[in-house]
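Residue numbering for the sequence shown follows our numbering, beginning at 2 and increasing consecutively.
The structure under discussion appears below in the form of structure tokens.
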Amino acid sequence: MKRQIFAPEHDAFRETVRAFLAREVLPYYEQWENDGIVSRDAWRAAGKQGLLGLAVDEEYGGGGTADFRFSAVLAEEFTRAGAPGLALGLHNDIIGPYLTGLATEEQKRRWLPGFCDGTLITAIAMTEPGAGSDLQGIRTHAEDRGEHWLLNGSKTFISNGILADLVIVVAKTTPEGGAHGLSLFVVERGMEGFERGRNLDKIGQKAQDTAELFFHDVRVPRENLLGELDGAFVHLMTNLAQERLSIAVAAIAAAEHLLEITTHYVKEREAFGRPLSSKQHIRFEIADMATECAVTRAFLDRCIEDHSRGGLDAVHASMAKWWATELQKRVADRCLQLHGGYGYMTDHPVARAFTDGRIQTIYGGTTEIMKEIIGRSLLG
């Protein structure tokens, strides 16, 4: 069924993304998984292909479009290809809005060209060993020293942490921190006192480097403050709707792809001399998943349209995120079960999707946090 939210230019972009994946990603992905990190060449290739900085103004080297549907296409195709390690969505949809919306003109000219051509890879550092979704618990702090800020603290579970050339760091700039005392600082590769710890060993998304970061008396120039002093909480809340929608888009694409793979498998696989698809239980399982995917897709496409028009609110983004990611988790588990022993083999796409997708209900705000946001909006 053709989805009405996409125009011919989005369909053409989809073909571009598929060709890029076939040429620049899939032939090397197994090696990246073994290495635990993506080649920087792939980032430069993505920049050359015009896949980075889709929403960045053309004067800085970007695509010049604020149409989120292009980002949705990118997320869907990378998910279907089973290639989350090259984290273009993190770069474009999560970090990009901080640079385009908060950076000064000088900062834009300094950072955005590299952001768009793939020579500057980005990360955002919020989570700490003792603070995840609760920003009140952040202990990393920056002290005003006149000509610079002195940054101290640590972060963990930072996607792109090893590769990143620019890291947006959330730090306390008042003793209390919290909603009125956090600021954003851009820490650049090579700053003295900025150190990277382990490339963390995860159960999935092996090609996506995820690291610990340490800041020991890092002198951050005053001109690397991003946005308003003590304004990070508002900045973070402003950009979370798009982050959560991006995760949800990838989640429904993963569920649909798993259903497609599994539907084909149960038609071909035989048990007791007949295809698995002849069994009523199997047909009911497929029917359940197909219905859940169809209903979720309708809601997600509406959210994509709303966001493209600037009308997606935090509550509906939270609904999309928790529902789609929990659906992805359920579908992955059921599809693995229907594949039997083959589904448990690490070289099978269902097994990889099972482990790669498990993080979806956790990052960007856990399912529990999403429900809390929705519940508060309804009950106060």
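C-beta atoms are modelled at their ideal positions from N, C-alpha and C, and glycine is treated no differently.
Being a predicted model, the structure only gives us computed values, none of them experimental.
Please name the residue or residues paired with residue 215 in a DSSP beta bridge. Partner(s): 155, 196.
Name the two residues that bound the continuous alpha helix (DSSP H) containing residue 285. Element bounds for residue 285: 281-309.
For residue 201 and residue 208, believed in contact at Cβ under 8 Å, the rounded distance: Here residue 208 is actually not in contact with residue 201; their C-beta atoms are around 13 Å apart, not less than 8 Å.
Going straight from the alpha carbon of residue 394 to that of residue 123, what length do you get? A question about residue 394 goes unanswered here, because the residues of the chain that appear run from 2 up to 381.
Simplified DSSP assignment, three categories, for residue 412: Because residue 412 is not part of the residues shown, which for the chain are 2 to 381, the question remains open.
Using CA atoms only, rank isn't needed, just tell me which of 71, 31, 62, 41 is closest to residue 7. Looking at the Cα atoms, 71 is the closest of the given residues.
Extent of the continuous beta strand (DSSP E) run through residue 145: Run containing residue 145: 142-145, per the beta strand (DSSP E) assignment.
Tell me which residues share the same chain as residue 337 and place their Cβ nearer than 8 Å to its Cβ, disregarding the 5 neighbours each side in the sequence. Residues 344, 345, 351, 352, 355 of the same chain have their beta carbon placed closer than 8 Å to that of residue 337, with the five preceding and five following residues left out of the count.
CB residue 218 to CB residue 181, shorter than 7 Å? Taking 7 Å as the Cβ cut-off, residue 218 and residue 181 do not qualify as a contacting pair.
Taking residue 235 as part of the alpha helix (DSSP H), name the residues at either end of that continuous run. Unbroken alpha helix (DSSP H) run through residue 235: 233-269.
To which residues of the same chain is residue 384 closer than 6 Å at the C-beta, ignoring the five residues directly before and after it? Here the chain comprises residues numbered 2 to 381, so residue 384 is not present and cannot be evaluated.
Please report the distance separating the alpha-carbon of residue 340 from that of residue 330. In this structure, the CA atom of residue 340 is about 16 Å from the CA atom of residue 330.
Would you decide whether residue 273 is buried or exposed? Buried here means 16 or more other CB atoms lie within 10 Å of its CB. Label assigned to residue 273: exposed.
What residue range is occupied by the uninterrupted alpha helix (DSSP H) comprising residue 326? 315-340 is the span of the alpha helix (DSSP H), which, as asked, contains residue 326.
Considering just the uninterrupted stretch of the beta strand (DSSP E) at residue 189, what are its terminal residues? It spans 183-189 - the beta strand (DSSP E) in which residue 189 sits, taken as one unbroken run.
Is DSSP giving residue 40 helix, strand or coil here? DSSP places residue 40 in coil when its eight states are reduced to three.
With respect to the alpha helix (DSSP H) encompassing residue 123, which residues constitute its N-terminal and C-terminal limits? Element bounds for residue 123: not the alpha helix (DSSP H) but the beta strand (DSSP E), 123-126.
Exposed or buried, residue 204, counting other C-beta atoms within 10 Å across all chains shown (16 or more means buried)? Exposed.
With a Cβ-Cβ cutoff of 7 Å, do residue 77 and residue 318 count as a contact? In this structure, residue 318 does not lie closer than 7 Å to residue 77 by Cβ.
Mind reading off the beta-carbon distance from residue 130 to residue 157? Whole number of angstroms is fine, and I expect it under 8 Å. Right, their Cβ atoms sit about 5 Å apart.
Assign residue 25 to one of three DSSP states: helix, strand, or coil. The answer is helix: DSSP assigns residue 25 an H, G or I state.
Please name the residue or residues paired with residue 160 in a DSSP beta bridge. Answer is 211, bridged to residue 160.
Measure the alpha-carbon distance for residue 262 versus residue 235 and round it to whole angstroms. In a straight line, the C-alpha of residue 262 is about 42 Å away from that of residue 235.
Take residue 65 and list the residues in its own chain whose beta-carbon comes closer than 7 Å to its own, dropping the five residues that flank it on each side. Here the set comprises 58, 59.
Ends of the beta strand (DSSP E) at residue 167? Note, residue 167: beta strand (DSSP E), 167-173.
Mind checking which residues open and close the alpha helix (DSSP H) that includes residue 111? Segment 106-118, the alpha helix (DSSP H) holding residue 111.
Thinking just about the alpha-carbon of each residue, which of 249, 377, 334 is nearest to the one in residue 286? Per the Cα distances, 334.
How do the region 27-43 and the region 85-92 stand: do at least 3 beta-carbon pairs fall below 8 Å, yes or no? When C-beta atoms of the region 27-43 are compared with those of the region 85-92, three or more pairs fall below 8 Å, so the two segments count as touching.
Residue nearest to residue 360 in terms of C-alpha spacing, selected from 270, 370, 162, 206: If we check each option's Cα against that of residue 360, 206 comes out closest.
Minimum C-alpha distance to residue 283 - residue among 294, 297, 268: The candidate whose alpha carbon is nearest that of residue 283 is 268.
Taking C-beta to C-beta, are residue 244 and residue 95 nearer than 7 Å? Yes, the Cβ-Cβ distance between residue 244 and residue 95 is below 7 Å.
Distance, residue 281 Cα to residue 265 Cα: The alpha-carbon atoms of residue 265 and residue 281 are separated by roughly 16 Å.
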